[in-house]
Amino acid sequence: AQSVTQLDSQVPVFEEAPVELRCNYSSSVSVYLFWYVQYPNQGLQLLLKYLSGSTLVKGINGFEAEFNKSQTSFHLRKPSVHISDTAEYFCAVISNNDMRFGAGTRLTVKP
Amino acid sequence: NAGVTQTPKFQVLKTGQSMTLQCAQDMNHEYMSWYRQDPGMGLRLIHYSVGAGITDQGEVPNGYNVSRSTTEDFPLRLLSAAPSQTSVYFCASSRLRDGYTFGSGTRLTVV
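As you go down the protein sequences, you meet chains A and B in turn. In this text, residue positions in the first sequence follow our numbering: the first is 108, and each later residue adds one. In this text, residue positions in the second sequence follow our numbering: the first is -8, and each later residue adds one.
In structure tokens:
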């Protein structure tokens, strides 16, 4: 079965600084990769996804992620964060019929 | 377009009670899943379904039952509630593997 590891449980960063949230996965078959964002007391919202094609994927709110098959990674990046980006971010993978999630990374953007 | 609707939003149960969490989607999605979210553990898959009449177990199925008699509905049953089932429960649906749409969650407390 596939698994997902988010390497940082918390990432504090100052406003307008760049950020990278790291995600590694393990699977023996082809995968589909996703990043979700969860704001306090809300459900999950899809940020971006990789299904096939270009390994650099652009999503909403200025986020992008790069699929690296050799390193089995799918790191999320944003060149300049805002206070409103403070949230929990989840990496997820589908390789058969179900989606599995990482434990999450709490991004805190400080003024 | 309502998306994924979960009811109730909040519930308190006594140990040993049973209840059903309701989930309905109006997007004609084949895939539906139930997750529980606990601090520091991300979302863990309880049960999922790839179509009406077909269900399968996820990572943490014990103590929960599901059925999928229609494409729209995917209820989750707690057979005999335990304090360990205190959690936030999310239902999600998807067309093929295109990424899940999540409901707003049910916050369950078992005392």
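For glycine and all other residues, C-beta sits at the position ideal for the given N, C-alpha and C. Computed from a predicted model, the values in this text were never measured in an experiment.
Contact between Gln145(A) and Ala194(A) holds: CB atoms are separated by about 6 Å, below the 8 Å threshold. Per the Cβ contact rule, the region 71 to 91 of chain B is not in contact with the region 118 to 128 of chain A (fewer than 3 Cβ pairs under 8 Å). Listed along chain A, the residues sitting closer than 7 Å to Gly90(B) by beta-carbon distance are Phe141, Leu153 and Lys156. The beta carbons of Arg129(A) and Leu140(A) sit no closer together than 8 Å. The beta carbon of His189(A) lies closer than 7 Å to those of Glu122 and Val216 in the same chain, with the five residues before and after it left out. Of all residues in the region 4 to 24 of chain B, the ones placed with a Cβ closer than 8 Å to any Cβ belonging to chain A are Tyr22 and Ser24, in chain order. For Ser60(B) and Gly209(A), the gap between their C-alpha atoms comes out near 30 Å. Annotation for Leu140(A): the continuous beta strand (DSSP E) segment containing it runs Tyr139 to Gln145. At a C-beta separation below 7 Å, Phe208(A) has these neighbours in chain B: Gly33 and Leu34.
The beta-carbon of Gly42(B) is placed no less than 8 Å from the nearest beta-carbon of chain A. The contact set of Gly211(A) on chain B, defined by CB atoms closer than 7 Å, consists of Gly33 in chain order. Within the DSSP bridge table, the entry for Ile45(B) names Gly42(B) as partners. The C-alpha of Gln2(B) lies about 16 Å from the C-alpha of Gly94(B).
DSSP, read as helix, strand or coil, puts Asn131(A) in strand. The Cβ of Gln149(A) sits closer than 8 Å to at least one Cβ of chain B. Taking the Cα positions, Thr179(A) is about 36 Å away from Ala(-7)(B). Only residues of its own chain outside the window of five on either side were considered, and among them Thr11, Leu12, Gln13, Cys14, Val57 and Ser58 have a CB closer than 8 Å to the CB of Pro66(B), listed in chain order.
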